[in-house]
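In the numbering used here, each residue's number is its place in the sequence shown (first place is 1) plus 137.
Built from N, CA and C at the ideal position, the CB exists for glycine as well.
Model, not experiment: these values are computed from the prediction.
Here the structure is laid out as structure tokens; the discussion comes afterwards.
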Amino acid sequence: KNFKQIISGFNTVAAKAIAIETPDKESATFIARLNVNMQEDDPDYAALKMADWMLGGGAGFSARLVARIRVKEGLSYAVGSGLDVSPVDRAGDWTAQAQYAPQNREKVISAFKDEMMKLTKEGFSAAELDASKSGYAQAKQLARASDARLAANLASELYLGRDMKWIAALDKKVEALKVADILAAMQKHLNLSQMTIINAGDFAKTAGSVPAQ
């Protein structure tokens with residue numbers, strides 16, 4: 138049967154700092170999120186995709202948010218990020234998250250903000266980008282070795298009127314990225330002042346409050 142794709146639009150959402158009490162929960166959750174005005178065909182999609190990989194979406198313990206919050210400062214059990222960009226509309230979003238002990242709330246928020254401000258000002262090093270490109274390429278090759286994943290890719294591209302050549306072209310764009318491309322994409326799309334930061338945990342047993350954004 139014929140159907141019409143429901144297209145979602147990009148909306149600007151005012152940044153907020155939100156604390157949610159979850160009594161008797163041993164660990165707390167940190168989430169930072171903002172809407173991203175982008176779709177997959179945008180020229181800077183590849184750069185923002187790689188920026189997310191290097192922040193926390195991939196790159197293992199070398200990802201900057203993981204290295205800062207979990208490895209260096211030991212504040213979190215788990216840290217990650219994710220970029221969700223659609224091929225059919227501009228209602229994208231970027232999210233970072235962490236699990237931590239409730240008493241570390243302010244330190245987690247401070248470390249996240251400091252690292253994001255540093256990266257959107259100075260960017261990544263060429264060595265970091267080269268290593269991340271290699272890791273990204275290996276992860277994609279491994280995923281495509283799965284028949285189920287390959288079939289899903291083929292079905293998705295068929296639905297969108299594309300083929301695997303589109304994915305190959307995206308891979309080439311990623312491989313050609315320079316550190317300046319990554320920095321420009323982050324400065325354009327990952328504005329810390331526009332992020333909503335949510336913390337949920339049993340904070341009643343700890344002193345202090347969530348710092349204002």
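Assigned secondary structure, residue i (DSSP; H/G/I helix, E/B strand, else coil)
i	result
G229	strand
A200	coil
F261	coil
V173	strand
I334	strand
A151	coil
V311	helix
S346	Because the pLDDT of S346 is 44, which lies under 50, any placement of that residue in the model is unreliable, and the question is left without a value.
S145	coil
G195	coil
Contact set for residue i: own chain, Cβ-Cβ below 8 Å, skip 5 residues either direction
i	result
A349	Because the pLDDT at A349 is just 38, under 50, the model does not fix this residue reliably, and the value given afterwards should be weighed accordingly. Cβ within range, chain order: A154.
Q278	none
A270	Sequence check: residue 270 is Lys here, not Ala. Excluding residues within five positions, the ones whose Cβ falls inside 8 Å are M187, V311, E312, L314.
L287	R281
Neighbourhood of residue i by C-beta, 6 Å cutoff - its chain only, sequence neighbours within 5 removed
i	result
V173	G229, D230, W231, H326
M253	L329
Q331	A152, L171
Among the options, nearest to residue i - alpha-carbon criterion
i	options	result
N241	F140, A268, G338	G338
T257	A274, D189, P180, F140	D189
G146	F198, N139, G211, R227	R227
S213	F198, D221, M175	F198
A321	P180, G195, D284	P180
V245	L287, S218, L202, E259	L202
M340	T166, T149, I144	The residue you asked about is not Met; residue 340 is Phe in the sequence shown. The option with the nearest alpha carbon to F340 is T166.
A264	G194, N336, A200, I144	A200
D251	S164, A204, D284, Y273	A204
Limits of the alpha helix (DSSP H) - the one that residue i falls within
i	result
S293	284-296
D189	182-189
D318	316-326
Cβ separation of residue i and residue j, assumed to be a contact under 8 Å, to the nearest whole Å
i	j	result
A183	L314	6 Å
Endpoints, beta strand (DSSP E) assigned at residue i
i	result
V208	Taken as a continuous stretch (DSSP letters only), V208 belongs to no beta strand (DSSP E), as it is neither H nor E.
A215	213-221
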